[in-house]
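> When the letters of the sequence shown are read in order and numbered with the numbering used here, they come out as residues -14 to 248.
For every residue, glycine included, the Cβ atom is placed at its ideal position computed from N, Cα and C.
What follows is a structure written as structure tokens; I'll ask about it next.
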Amino acid sequence: MTIMTKPDLPFYRPVADECDLFRTAHENGLPLLLKGPTGCGKTRFVEHMAAKLGLPLHTVACHDDLSAADLIGRYLLKGGETVWVDGPLTRAVREGGICYLDEVVEARKDVTVVLHPLTDDRRRLMMDRTGEELVAPKGFMLVASYNPGYQNILKKLKPSTRQRFLSIGFDFPQPGVETAVVARESGLDEARSAALVRLAGHIRRLSGMDLEEGISTRLLIYAATMIARGTKVDRAIEAAIIEPLSDEPDVQQALRDLAASVY
Ligand code: ADP
């Protein structure tokens, strides 16, 4: 879990009206779900908005063992004494900050039981263990993300949960925006950043056929960073694009051919 309270503004290049939507959701106490593929800027967007609104941010990377207690808190033994320690969700509620549950669909089922009273007009956090019931103050906002692309049937967000959130669909930015992001984050010049983005466009058109998912903006930034630091282009593409995307020799070769034709 990471907590961010520093006021500096993480760079985020808006794609549409998502900043206004976020602000309105926050002002009106509405929870927000960000849907989209991995590495397309969801986390950065939340970090940016939290800093912009001057709110503390508690980010939780959800996994299949994450339980309600991990979010709410637990009694821990400290120096022979049993003390209650708040979890990230409880801290965000107490502080009136943002709790961001990244990949919420991964978490255990008991998590949804906690989220429901918090995401409707009750805005309450029930803490079974301590018997406390917290009413979320005005500043508190729950934000969650999930990736509809690689959900299996067992891991879908239930309608009863999704219908409690405003939702924004995220995707990889338009080439012009993505080029600006890649150049800015990596320090690579615009022309070579644009070539990487063009390659990404070709690779994304392949996804679904041989690739589970198209290439993320994050990986493009890795490739651009390596090139900007002097790594040879084909070596950078191999390490930041081809190897991370596939283990299949045939698919890797197809990607190499594609890269050679674009770069
Ligand atoms: P996600 O949470 O969707 O998996 P991230 O927010 O971690 O993805 O995005 C991956 C990287 O891509 C970020 O570290 C950031 O460098 C970059 N990025 C993607 N989209 C944008 C954007 N619109 N503005 C600024 N940076 C972006």
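Name all residues in chain order for which at least one heavy atom of the ligand ADP lies closer than 5 Å to the residue's CB.
Here the list is Y(-3), R(-2), T23, G24, C25, G26, K27, T28, R29, V166, E170, T202 and R203.
> Am I right that R149 and T104 are in contact with their C-beta atoms under 8 Å? What's the rounded C-beta distance?
Rounded, the Cβ-Cβ distance is 4 Å, consistent with contact.
> Look at the alpha carbon of T(-10) and the alpha carbon of H43, and state the distance between them as a whole number of angstroms.
Reliability of the predicted coordinates at T(-10) is poor, the pLDDT of 48 falling under 50, and the value obtained from them is presented with this limitation in mind. For T(-10) and H43, the distance between alpha carbons rounds to 9 Å.
> Can you name the start and end residues of the beta strand (DSSP E) that K20 belongs to?
Its beta strand (DSSP E) spans residues L17 to K20.
> In the structure shown, what three-state DSSP assignment does C84 receive?
Reduced to three states, the DSSP call for C84 is strand.
> Could I get the ranges of all uninterrupted alpha helix (DSSP H) runs contained in the segment 103 to 159, with 4 residues as the minimum, in chain order?
The qualifying runs are 144 to 147.
> Could you spell out the range, first to last residue, of the alpha helix (DSSP H) harbouring V45?
V45 -> not in any alpha helix (DSSP H); beta strand (DSSP E) instead, spanning L42 to A46.
> For Y131 and D95, what's the separation of their Cα atoms in angstroms?
Those two C-alpha atoms are separated by around 17 Å.
> Apart from the five residues just before and just after V166, which ones in its own chain have a Cβ nearer than 7 Å to its Cβ?
So the qualifying residues of the chain are R(-2), P158 and T202.
> DSSP puts K252 in a beta bridge; with which residues?
Nothing can be reported for residue 252, as the shown portion of the chain is limited to -14 through 248.
> Could you tell me the boundaries of the alpha helix (DSSP H) in which S178 lies?
That run of the alpha helix (DSSP H) goes E175 to L191.
> For the pair the segment 12 to 23 and the segment 44 to 58, tell me if three or more CB-CB distances fall below 8 Å.
Taking 8 Å as the limit for Cβ pairs, the verdict is that the segment 44 to 58 does not touch the segment 12 to 23.
> Tell me, please, which residues DSSP counts as bridged to D71.
Bridge partners of D71: G58.
> Check T(-10) in the structure and name its three-state DSSP category.
Below a pLDDT of 50, predicted positions are generally treated as unreliable, and T(-10), at 48, falls in that range; no measurement from the model is reported.
> Taking A35 as part of the alpha helix (DSSP H), name the residues at either end of that continuous run.
Taken as a continuous stretch (DSSP letters only), the alpha helix (DSSP H) holding A35 covers K27 to L38.
> Quick one: grab the DSSP three-state call for A239.
Here A239 sits in helix by DSSP.
> Can you tell me where the alpha helix (DSSP H) holding R93 begins and where it ends?
No alpha helix (DSSP H) holds R93; DSSP gives it neither H nor E.
> Could you tell me the boundaries of the alpha helix (DSSP H) in which D219 lies?
Unbroken alpha helix (DSSP H) run through D219: V218 to I222.
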